[in-house]
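These notes are about the structure you will find just below.
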Amino acid sequence: MQRLLRISCFNGLRSEVITIWFTTLVVDPNKVEEVPVVHKRNSKSSNAISNEYRNLKGSRRERLIAERKKAGLTQTQLAKKLGCSTATISHLELGRVKPGLDISLGLESYFQQPFEILFPDL
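Just so you know, the numbering used here puts the end of the sequence shown at 111, numbered straight through with nothing missing.
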């Protein structure tokens, strides 16, 4: 019989998954031993984020979405104006990422709203 324990460690942009399988050995019917067998798997690249962290969702930034729609812009149009990708705008609106300095300053100047209004969760 085997039991699985999976531990995910996240440090900056580097993620690491350690898988521990506990194999139950029955040497003596009165004595049961569990021996851990550790399998360590590093991410393919140091910039990769594990799927567990990729699927985390923060709070939706409703004000940012409302300001974009009020200006009549799609995510793609706003991304072009700010010089970033559409995925970045999408992730900002979904609360998955925090804006960098250049993006936050660009959003503040374009929408004429302070950072605290656009990103109340930060």
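Even glycine gets a Cβ: it sits at the ideal position worked out from N, Cα and C.
When the distance is taken between beta carbons, is residue j closer than 8 Å to residue i?
i: Leu81; j: Arg50; result: yes
i: Leu71; j: Gly95; result: yes
i: Phe100; j: Leu107; result: yes
i: Gln102; j: Ser79; result: no
For residue i, count the other beta carbons within 10 Å of its own beta carbon; 16 or more makes it buried, fewer makes it exposed. Which is it?
i: Thr77; result: buried
i: Ala55; result: exposed
i: Pro88; result: buried
At the level of alpha carbons, what is the spacing between residue i and residue j?
i: Ser98; j: Leu83; result: 21 Å
i: Ile92; j: Lys58; result: 18 Å
i: Ala60; j: Val86; result: 22 Å
i: Pro109; j: Gln66; result: 23 Å
Suppose the cutoff is 8 Å on Cβ atoms and the five residues either side in sequence are ignored; what does the same chain contact list for residue i look like?
i: Ser74; result: Ala68
To which residues of the same chain is residue i closer than 7 Å at the C-beta, ignoring the five residues directly before and after it?
i: Phe104; result: Ser93 and Glu97
Just to confirm my understanding: we take residue i, look at its own chain, exclude 5 residues before and 5 after, and list those with CB closer than 6 Å. What are they?
i: Leu62; result: none
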